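Visitor:
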Amino acid sequence: MNMRIIDISQEIRSDMTVYPGDPRFHSHQVSSFKQGGICEVSELTIGSHCGTHIDAPLHMIPGGATLEKMPLDCFIGPCRVLTLPTSVVTEKMLIEHDVKAGERILLRTDPKAVYTPKNGEFNPAVLSVRAAQYLAQTGVKLVGIDAPTVENMEICDGEIHRTLLSGGVAILEGLLLDKADKENYYLSALPLSLTGENGAPCRAVLVEE
32 MNMRIIDISQ EIRSDMTVYP GDPRFHSHQV SSFKQGGICE VSELTIGSHC
82 GTHIDAPLHM IPGGATLEKM PLDCFIGPCR VLTLPTSVVT EKMLIEHDVK
132 AGERILLRTD PKAVYTPKNG EFNPAVLSVR AAQYLAQTGV KLVGIDAPTV
182 ENMEICDGEI HRTLLSGGVA ILEGLLLDKA DKENYYLSAL PLSLTGENGA
232 PCRAVLVEE
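Residues in the sequence shown are numbered consecutively from 32, following our numbering.
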């Protein structure tokens, strides 16, 4: 069986761009061959929403479910990549693409990679409130976007997040989807298994058979 694997996650580096106010990634070497150690070991400092990551309900809902309580089938299985070159994903766009219950939907709003996190340029694309309501009411398993957040970074009152998360929709943010030029793929975006946390980075890939 021939298959193509597309990495849609950001590289995690000390000089990477992070969401304003979030902690930066830092790696501190605690054992190394150069220092006479028998192995290489590092101590990592990283934000729970660094780079490509999953949001758990607790991220925006007081008392919401933590990461380890989210069903794993949200993060792995068939998905659809919807190419929507826009700064605001609307309910109408989702209806036109016939989004159905149980689907994993990835929103490819920057197909030409105009915005590159490596250069500190965040894609400003967001979901409208009605689009978030539609996804929650439809009952999709997961929605992902090629932007650092599903809502306006300047306003960010949490309404979009709360609408999706309270409706049982997992949120996958910070994707790189410029190479995902087809619609149907198999998604694997498993977050780190961090007990009690509000989110975690993940290595997200698409498999094309």
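All C-beta atoms, glycine included, are put in the ideal place defined by N, C-alpha and C.
Bear in mind that the values here come from a model prediction, so they are computed numbers and not experimental data.
#1: Tell me, please, which residues DSSP counts as bridged to ILE107.
#2: So, using beta-carbon positions, are LEU196 and ILE85 closer together than 8 Å?
#3: Between which two residues does the beta strand (DSSP E) holding SER159 run?
#4: Which whole-angstrom value is the C-beta distance of THR114 and ARG135, which I expect to be below 8 Å?
#5: Can you tell me which of the three DSSP states ARG44 falls into?
#6: Would VAL236 and ILE43 qualify as a contact pair, given that the criterion is a beta-carbon distance under 8 Å?
#7: With a Cβ-Cβ cutoff of 8 Å, do THR48 and PRO109 count as a contact?
#8: Use the C-beta contact count for PHE106: other C-beta atoms within 10 angstroms, 16 or more gives buried, fewer gives exposed.
#9: For LEU103, tell me which candidate among VAL200, ARG111, CYS81 has the shortest Cα-Cα distance.
#10: Considering LEU258, what are the terminal residues of the alpha helix (DSSP H) in which it resides?
#11: State the Cα-Cα distance for the pair PRO54 and ASP212, rounded to the nearest angstrom.
#12: Taking all protein chains shown into account, decide if SER41 is buried (16 or more other Cβ within 10 angstroms of its Cβ) or exposed.
#13: Under the three-state reduction of DSSP, which class applies to LEU206: helix, strand or coil?
#14: Please identify the residue among PRO232, VAL160, ASP188 whose C-alpha is closest to the C-alpha of LEU221.
#15: Exposed or buried, which one is LEU98 when buried takes at least 16 other CB atoms within 10 Å?
#16: Are the stretch 155-171 and the stretch 111-131 touching, with three or more C-beta to C-beta distances below 8 Å?
#17: Which first and last residues belong to the beta strand (DSSP E) in which ILE36 is found?
#18: Should TYR216 and VAL112 be called a contact, given that it needs their Cβ atoms to be closer than 8 Å?
#19: How would you call PRO116, buried or exposed, if buried means at least 16 neighbouring beta carbons within 10 angstroms?
Guide: Walking through what the data contain:
#1: Your numbering for residue 107 matches position 76 in the sequence shown. BP columns for ILE107 point to SER219.
#2: Within the sequence shown, residue 196 is the residue found at index 165, counting from 1. Within the sequence shown, residue 85 is the residue found at index 54, counting from 1. Contact check for LEU196 against ILE85 fails: the beta carbons are separated by 8 Å or more.
#3: Taking the first residue of the sequence shown as 1, we reach residue 159 at position 128. Looking at the DSSP string, SER159 is not in any beta strand (DSSP E), and its letter there is neither H nor E.
#4: Sequence index remark: in the sequence shown, residue 114 carries index 83 (1-based). Sequence index remark: in the sequence shown, residue 135 carries index 104 (1-based). Contact doesn't hold; Cβ gap of about 16 Å is too wide.
#5: Mapped onto the sequence shown, residue 44 falls at position 13. Coil.
#6: In the sequence shown, residue 236 corresponds to position 205, counting from 1. In the sequence shown, residue 43 corresponds to position 12, counting from 1. Cβ distance not < 8 Å, so VAL236 and ILE43 don't count as in contact.
#7: Your numbering for residue 48 matches position 17 in the sequence shown. Your numbering for residue 109 matches position 78 in the sequence shown. It is not a contact, given that the beta carbons lie outside the stated cut-off.
#8: Along the sequence shown, one-based indexing puts residue 106 at 75. Buried is the call here.
#9: Position 72 of the sequence shown, counted from the first residue, corresponds to residue 103. The residue with the shortest Cα to Cα distance from LEU103 is VAL200.
#10: Residue numbering for the chain in the displayed model covers 32 to 240; residue 258 lies beyond these limits and cannot be assessed.
#11: By 1-based counting over the sequence shown, the position of residue 54 is 23. By 1-based counting over the sequence shown, the position of residue 212 is 181. The straight-line gap from Cα to Cα measures roughly 33 Å.
#12: Position 10 of the sequence shown, counting from 1, holds the residue named residue 41. Residue identity differs from the one stated: residue 41 is Gln in this sequence, not Ser. Buried, because 16 or more other Cβ atoms sit within 10 Å of the Cβ of GLN41.
#13: Here residue 206 is taken as the residue at index 175 of the sequence shown, counted from 1. Here LEU206 carries a coil assignment [DSSP, helix/strand/coil].
#14: For this step, residue 221 is matched to residue 190 along the sequence shown. Minimum Cα distance to LEU221 is reached at PRO232.
#15: As a first step, residue 98 must be located in the sequence shown, where it is residue number 67. Buried is the call here.
#16: In short, these stretches touch, since the Cβ pair count reaches three.
#17: By 1-based counting over the sequence shown, the position of residue 36 is 5. Start and end: 35-38.
#18: Position 185 of the sequence shown, counted from the first residue, corresponds to residue 216. Position 81 of the sequence shown, counted from the first residue, corresponds to residue 112. For TYR216 and VAL112, yes; Cβs fall inside 8 Å.
#19: Translated into the one-based positions of the sequence shown, residue 116 becomes position 85. Counting Cβ neighbours within 10 Å, PRO116 comes out exposed, since fewer than 16 surround it.
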